[in-house]
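Under my numbering, think of the first position of the sequence shown as 7, with each following residue one higher. Glycine is no exception: its CB is placed at the ideal position from the N, C-alpha and C atoms. Below is one structure, written out as structure tokens, with a few remarks after it.
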Amino acid sequence: MADTFSHCSSLQQDVTQVLQLLHQEPGLRSQQDTTPVQGSLKKAVSPTFEIVFAGAFSAGKSMLINALLGRKLLYSAEGHATGTECRIAYAEDGQERVVLTFLSEAEVREQIQALIGRLQLQIQASLQQPGVLKQLEQICQSIIQEEGGETRSDKAKQANALKLLLEGYSTNRDRLSPNQNATYSMEQFNFSNLQEAASYARRGSNSAVLKRIEYFCCHDLLKDGNVLIDTPGIDAPVRKDAELTYAKIEDPDTSAVVCVLKTAETGELTAEETELLEKIRRNPSIRDRVFYVFNRVDRTWYNTQLRQRLDQCISNQFQDTTRVFRTSGLLGFYGRQLKETDQYNRFGLDSLFAEEVQGQNGHEEVPLFVTEFNNYCGNSGKLIGSEFRPEIRGYESPNENYLRILSSYGTSLIDQLIEHSGVEQFRQGITRYLQEEKRPLLFSNLADDLHPVCIALRKLYLEQWQAVQSQPQEIEAIKSQKLRQLSKDLKNVGDRHRQDMEALINQTVASNGNAEFERDFRQLQAKMVSRLDELLNTFSVEGVYQQAQASHRRNSVVPLLGILSEAFYYLANGLEDLLVSCSEELTLRFFQQLISRVQTSDYSREIYRLLGNDGGIEQRLHQVQQQVTAALINEARTECDRYVRERPEFFSEGTASVWQLRQTLQQSCRGYDYQSMIDAEPAIRQLLKLDFEQKVGDTVLRTFRQTINQTLNSHLLSAAQAQADSLLHEYDHARAYLAQTLDKEAAEKVIQNQRLKVEIQTKVELLNEAISGINACLEVHQLDRKKLSLISRDDLVVTTSDEDDLEASHAELDHSSFQFTESGSLTPSVLEVV
Numbered sequence: 007m008a009d010t011f012s013h014c015s016s017l018q019q020d021v022t023q024v025l026q027l028l029h030q031e032p033g034l035r036s037q038q039d040t041t042p043v044q045g046s047l048k049k050a051v052s053p054t055f056e057i058v059f060a061g062a063f064s065a066g067k068s069m070l071i072n073a074l075l076g077r078k079l080l081y082s083a084e085g086h087a088t089g090t091e092c093r094i095a096y097a098e099d100g101q102e103r104v105v106l107t108f109l110s111e112a113e114v115r116e117q118i119q120a121l122i123g124r125l126q127l128q129i130q131a132s133l134q135q136p137g138v139l140k141q142l143e144q145i146c147q148s149i150i151q152e153e154g155g156e157t158r159s160d161k162a163k164q165a166n167a168l169k170l171l172l173e174g175y176s177t178n179r180d181r182l183s184p185n186q187n188a189t190y191s192m193e194q195f196n197f198s199n200l201q202e203a204a205s206y207a208r209r210g211s212n213s214a215v216l217k218r219i220e221y222f223c224c225h226d227l228l229k230d231g232n233v234l235i236d237t238p239g240i241d242a243p244v245r246k247d248a249e250l251t252y253a254k255i256e257d258p259d260t261s262a263v264v265c266v267l268k269t270a271e272t273g274e275l276t277a278e279e280t281e282l283l284e285k286i287r288r289n290p291s292i293r294d295r296v297f298y299v300f301n302r303v304d305r306t307w308y309n310t311q312l313r314q315r316l317d318q319c320i321s322n323q324f325q326d327t328t329r330v331f332r333t334s335g336l337l338g339f340y341g342r343q344l345k346e347t348d349q350y351n352r353f354g355l356d357s358l359f360a361e362e363v364q365g366q367n368g369h370e371e372v373p374l375f376v377t378e379f380n381n382y383c384g385n386s387g388k389l390i391g392s393e394f395r396p397e398i399r400g401y402e403s404p405n406e407n408y409l410r411i412l413s414s415y416g417t418s419l420i421d422q423l424i425e426h427s428g429v430e431q432f433r434q435g436i437t438r439y440l441q442e443e444k445r446p447l448l449f450s451n452l453a454d455d456l457h458p459v460c461i462a463l464r465k466l467y468l469e470q471w472q473a474v475q476s477q478p479q480e481i482e483a484i485k486s487q488k489l490r491q492l493s494k495d496l497k498n499v500g501d502r503h504r505q506d507m508e509a510l511i512n513q514t515v516a517s518n519g520n521a522e523f524e525r526d527f528r529q530l531q532a533k534m535v536s537r538l539d540e541l542l543n544t545f546s547v548e549g550v551y552q553q554a555q556a557s558h559r560r561n562s563v564v565p566l567l568g569i570l571s572e573a574f575y576y577l578a579n580g581l582e583d584l585l586v587s588c589s590e591e592l593t594l595r596f597f598q599q600l601i602s603r604v605q606t607s608d609y610s611r612e613i614y615r616l617l618g619n620d621g622g623i624e625q626r627l628h629q630v631q632q633q634v635t636a637a638l639i640n641e642a643r644t645e646c647d648r649y650v651r652e653r654p655e656f657f658s659e660g661t662a663s664v665w666q667l668r669q670t671l672q673q674s675c676r677g678y679d680y681q682s683m684i685d686a687e688p689a690i691r692q693l694l695k696l697d698f699e700q701k702v703g704d705t706v707l708r709t710f711r712q713t714i715n716q717t718l719n720s721h722l723l724s725a726a727q728a729q730a731d732s733l734l735h736e737y738d739h740a741r742a743y744l745a746q747t748l749d750k751e752a753a754e755k756v757i758q759n760q761r762l763k764v765e766i767q768t769k770v771e772l773l774n775e776a777i778s779g780i781n782a783c784l785e786v787h788q789l790d791r792k793k794l795s796l797i798s799r800d801d802l803v804v805t806t807s808d809e810d811d812l813e814a815s816h817a818e819l820d821h822s823s824f825q826f827t828e829s830g831s832l833t834p835s836v837l838e839v840v
């Protein structure tokens, strides 16, 4: 173990180095999720490895832990459901101790009320009143007697749990703080050793008021930072206790979980157990480090249907794991304890089970283990075909049968019992994992998580090295390359400009993604509707009447149709003026947006670098703006000119407009003088509104947006293509402009290439150094197949194509840039930077 730590002492530093290199590369940060690496690293270097035992209350979690350690540390009894969390960590021989943390008085009262509610007891008095606690204890005792014993029914188990809680509250009241969790060392209780402290904590009434018990024991299973954690039942009557277990399952510090399931007793997974399994699967810190223990398997020995349902459950839902165990914690634990007993202490009746055996009036009670042992011998069928022929005699008491059978068969029968209990297989399985498999698997997980990160860095560095080494290394060669590249650069920026224009046009005409343009067009719509209302309100029959009579002086009468015709011209022309104005404003704002977009683009800066100007882009866009403006003005005038003609529906029979026309005719034609027409003015306005609302609505909602879209589309796309072609014809100008700065740029490029080479060398060396440290740790754990790849000499050889033959001397690997050790790893060398 010491050798392992010496080879892995820098593991955290090495992995952190790899992650830092990744974070320095913006292109990789978004592609690689480092959360799994950080989680697996934390597990690999953590000084503790927390194994959480989780399951329903009375599932046998505590008994299994006792069986693993071979010591009766934890309290275990059916119906015992408290919020106690027990932690068992390693201590050297002679340094064992216990730390006890009590519930607060408020928490105890909360649990009491929860159990009272579950038992449906009608207790009106306050718990603080004298005699109430004693009364509750008597009620619980009565329920237990009515049910036939503490474990005979769920109700009896609940009553026993409440009874223990009440006793613990009364006995330890002086140790409970009102609202805080008080903590005591075993010295404060005057305990001289761990067993005395464990005996106190194991007593049901004391355990009921303990929030947390921390044991520090000397046991090989607990070495290497292994910590066993016993949690409250996931179906505890106080919901907060169950939430403590779920929170522990979701805790990133949890390393492994032992699921203790009651399927062997119930025949199926409960809703709480299913929820537990889901939470385990969702915690990435646990991964596949889950042990499934189907405890109380002895129940299936006496029930064929129950055994079949258990087999089916395991086959259907747990077929993808080998960490499935069937156990009887009670038989397995006490079976091992019996090997330390003999006839002189009546095979544990006077020692292990002394408290359970003591009855009233000198009558011996039957310990639960004795009952289950006798069932095993007489009814389980597990001994059929074996050398054992135990006989259960009805005329003897259970304890007498127990003593007679053990006296006859002794240790050999006990060994058979332990084997059938499955506890030994479980103990061997979890011991093998913790002592032999845990560390290699943790480092294997880390290597698996690191693999894609290292591959990504390796690929990036080699690509960068290939790109730098493929560049000319001398000024004249760089100048020659830049001149050859000039035509490609001009075509590239022209294509980028064209693609940018196409993208903006597509965004504008094929979606509502251009927020500024959408806002401007909505303003045009609103202005058209508002202008129509304004024109209708300002329309004057009096003025039109005078104008019409002045045009026909021989007549004093003006027809309604003459009034309407003048009104149509008045409204159409007024709307035309506005639509023209709005079209000009819309075009202006769109091209302002377009020119600003071009000016701030990367390709615009590239064009300035190549030509010293914008290549005529802005001038061309202004020309296109004028063309688009003229086209839209013409379209706006055409659109509004059509307003002068009535819509076909205007005279359709059965329409509102025809009805309104008739009403207007009847009202305006009642007389022949001026006043009758004035009186019909509201009706005339309503008639005009019916017609023009439809016309304006069609314009702003159906036709004019498509007109604008097509105008922009046809003018801008052709202009963008023309601009791209124009840039290609700027080669001579670009060559002349480039010649002015080429010497300086070439010198800067040489310096930049050398600087990039040094940076890449440094990164490669740091990566190789970190990977070498990680690989050394993997080798110690015999994980050679998981080793990460270094960047070697061969990886850095640059291959060239026929097109690069003129620059081959510059593209070959400069071996002086790197020095390799005998093992092939990379070491940095000093480069002379031009």
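Residue i versus residue j - alpha carbon distance
i	j	result
Cys-588	Ala-578	15 Å
Gln-633	Leu-722	10 Å
Gly-338	Thr-90	24 Å
Gly-85	Ser-159	Because the pLDDT at Gly-85 is just 46, under 50, the model does not fix this residue reliably, and the value given afterwards should be weighed accordingly. So the alpha carbons of these two residues sit roughly 9 Å apart.
Asn-187	Gln-23	42 Å
Phe-359	Pro-373	7 Å
Leu-802	Glu-785	26 Å
Arg-410	Gln-141	43 Å
Leu-234	Ile-436	11 Å
His-816	Phe-55	Note that His-816 scores a pLDDT of 39, beneath 50, so its modelled location is shaky and nothing firm can be said.
Ala-814	Glu-31	Below a pLDDT of 50, predicted positions are generally treated as unreliable, and Ala-814, at 40, falls in that range; the measurement from the model is reported next regardless. So the two alpha carbons sit approximately 29 Å from each other.
Residue i classed as buried or exposed, judged by whether at least 16 other C-beta atoms fall within 10 angstroms
i	result
Ile-461	exposed
Pro-53	exposed
Pro-654	exposed
Asp-304	buried
Trp-665	exposed
Lys-701	buried
Asp-697	buried
Ala-636	exposed
Arg-352	buried
Thr-41	exposed
Enclosing alpha helix (DSSP H) for residue i [first to last residue]
i	result
Lys-310	The displayed chain sequence assigns Thr, not Lys, to residue 310. Run containing Thr-310: 310-323, per the alpha helix (DSSP H) assignment.
Ile-424	404-427
Lys-49	41-51
Glu-281	277-288
Tyr-678	Unbroken run through Tyr-678: none, as it is neither H nor E.
Glu-113	111-125
Gly-34	Position check: residue 34 holds Leu in this sequence, whereas Gly was assumed. Note, Leu-34: alpha helix (DSSP H), 32-35.
Sequence-distant residues of the same chain with beta carbon closer than 6 Å to residue i, five excluded per side
i	result
Gly-519	Gln-513
Arg-595	Asp-526
Cutoff 8 Å; reference residue i; Cβ partners in own chain excluding five residues on either side
i	result
Phe-324	Tyr-298 and Val-330
Ile-623	His-503, Val-604, Ser-610, Ile-613 and Gln-729
Tyr-308	Asn-381, Asn-385 and Ser-386
Close Cβ partners of residue i (< 7 Å) along its chain, the five nearest in sequence each way excluded
i	result
Ala-165	Leu-125, Cys-146, Ile-149 and Ile-150
Gln-531	Val-706
Asp-811	Low confidence applies to Asp-811: its pLDDT is 45, below 50, so where it sits in the model is not reliable, and the reading given next is rough at best. Once the five neighbours on either side are set aside, Asp-811 has no close Cβ partner at all.
Gly-618	Tyr-743
Ser-493	Tyr-737
Val-363	Leu-355, Glu-370, Glu-371 and Pro-373
Ile-600	Sequence check: residue 600 is Leu here, not Ile. These residues qualify, in order along the chain: Leu-510 and Leu-627.
Residue i, enclosing beta strand (DSSP E) - first and last residue
i	result
Leu-267	260-267
Asp-731	Here Asp-731 belongs to no beta strand (DSSP E); instead the alpha helix (DSSP H) covers 710-734.
Ile-219	216-223
Tyr-439	Segment: none, Tyr-439 is in no beta strand (DSSP E) and carries neither H nor E.
Closer than 6 Å: residue i CB and nearest the ligand FMN heavy atom
i	result
Ile-94	For the ligand FMN, the structure offers nothing, since it holds no ligand at all.
Ordered list of beta strand (DSSP E) runs contained in the segment 324-356, each at least 3 residues: 330-332
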